[in-house]
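Here the structure is laid out as structure tokens; the discussion comes afterwards.
In our numbering, the protein residues as written are 82 to 322.
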């Protein structure tokens, strides 16, 4: 059952979850994710890594991703071949999308012991029909949201639905300066909400798209700890009310 609530109403007292943050990363940047984990582990962080094209990864990179799971992070799905779901379904069908993009991903990663409970849409491309399909496979599915709206107008908070939306933190997003991101985190703390962010490739000095600076990630983790925000994985949102 999908549950909605107003984005500007705090949750009622006695809710079974704490104000928190969900940090997610998309694609297949195993080296950079592990480098980030070495640094951000000092903050007792927890993240969800949505992996695409797992079948093409080297054994070394598969081992690194497994190591992230051993460190307490969630390994989740981001598509077998990183296709645009809306375009794929429009040209074929939802059934073909599941057969070509979802089932092979689950099988390939399942062979190595990964039980996928969450999925993020490549390119953020989705619609209600595809959502319905994927909710038969996953507990939580993540889309994307954009824009520099006032914190109470943002869509990047968990609201009881199994479909959630993350706000990008990569350097190329115009809204993604640390001051604005902190304002969303502060709002989450004040209103007992869970804020959801996503990035791609953590690097020291971003020089292109799909790159998030390590300095920004450290600032996010420091501020989360200062506020006392709880780190959640994507699948840990499932069942919260």
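Idealized CB from N, CA, C, for every residue including glycine.
Legend entry - Contiguous alpha helix (DSSP H) assignments of at least 4 residues, all confined to the stretch 247-275: Unbroken alpha helix (DSSP H) stretches of 4 residues or longer found wholly inside the stretch 247-275: 259-272, given in chain order.
Inset, instruction - Can you have a look at residue 296 and say buried or exposed, based on whether 16 or more other CB atoms are within 10 angstroms of its CB? - result: The residue you call residue 296 lines up with position 215 of the chain shown. With fewer than 16 other Cβ atoms within 10 Å, it is exposed.
Inset, instruction - Only counting runs of 3 or more residues, tell me where the beta strand (DSSP E) segments fall wholly within the stretch 161-193, in order along the chain. - result: none
Inset, instruction - Name the two residues that bound the continuous alpha helix (DSSP H) containing residue 223. - result: In the chain shown, counting from the first residue as 1, residue 223 sits at position 142. Counting along the chain, residue 223 falls outside any alpha helix (DSSP H), though it belongs to the beta strand (DSSP E) covering 221-226.
Inset, instruction - Throw me the rounded Cβ distance for the residue 193 and residue 143 pair, which I believe falls under 8 angstroms. - result: Here residue 193 refers to the residue found at position 112 of the chain shown. Here residue 143 refers to the residue found at position 62 of the chain shown. Yes, residue 193 and residue 143 are in contact; Cβ-Cβ is about 6 angstroms, under 8 angstroms.
Inset, instruction - Just grab the DSSP bridge partners of residue 116 for me. - result: Residue numbering aside, residue 116 sits at position 35 when the chain shown is read from its first letter. Paired residue(s): none; residue 116 is not in a bridge.
Legend entry - Bridge partners - residue 155, DSSP secondary structure assignment: The count along the chain shown starts at 1 and reaches residue 155 at position 74. Answer is 129, bridged to residue 155.
Legend entry - Per-residue DSSP class, three states only, for residue 137: By one-based count along the chain shown, residue 137 stands at place 56. Here residue 137 sits in helix by DSSP.
Legend entry - Three-state secondary structure assigned by DSSP to residue 316: Stepping through the chain shown from its first residue, residue 316 is reached at position 235. Three-state result, residue 316: helix.
Legend entry - Of the listed residues 105, 100, 101, 98, nearest to residue 223 (C-alpha basis): Translated into positions along the chain shown, residue 223 becomes position 142. Here the closest residue by C-alpha is 105.
Legend entry - Contact set for residue 212: own chain, Cβ-Cβ below 7 angstroms, skip 5 residues either direction: Position 131 of the chain shown, counted from the first residue, corresponds to residue 212. Hits under 7 angstroms: 222, 244.
Legend entry - C-alpha distance - residue 89 paired with residue 248, whole-angstrom precision: As a first step, residue 89 must be located in the chain shown, where it is residue number 8. As a first step, residue 248 must be located in the chain shown, where it is residue number 167. Confidence at residue 89 is low in this model, with a pLDDT of 40, below 50, so its placement is unreliable and the value that follows should be read with caution. Roughly 17 angstroms separates the two Cα atoms.
Legend entry - Unbroken alpha helix (DSSP H) run spanning residue 321, endpoints: As a first step, residue 321 is located in the chain shown; it is residue number 240 there, counting from the start. From DSSP, residue 321 is part of no alpha helix (DSSP H); its letter is neither H nor E.
Inset, instruction - For residue 174, count neighbouring C-beta atoms within 10 Å of its own C-beta (all shown protein chains included) and say buried if the count is 16 or more, exposed if not. - result: Here residue 174 refers to the residue found at position 93 of the chain shown. Residue 174 is exposed by the Cβ-count criterion.
Inset, instruction - Grab me the residues of residue 258's own chain with a C-beta within less than 7 angstroms of its C-beta, minus the 5 sequence neighbours each way, in chain order. - result: Here the question's residue 258 lines up with position 177 in the chain shown. There are no such residues.
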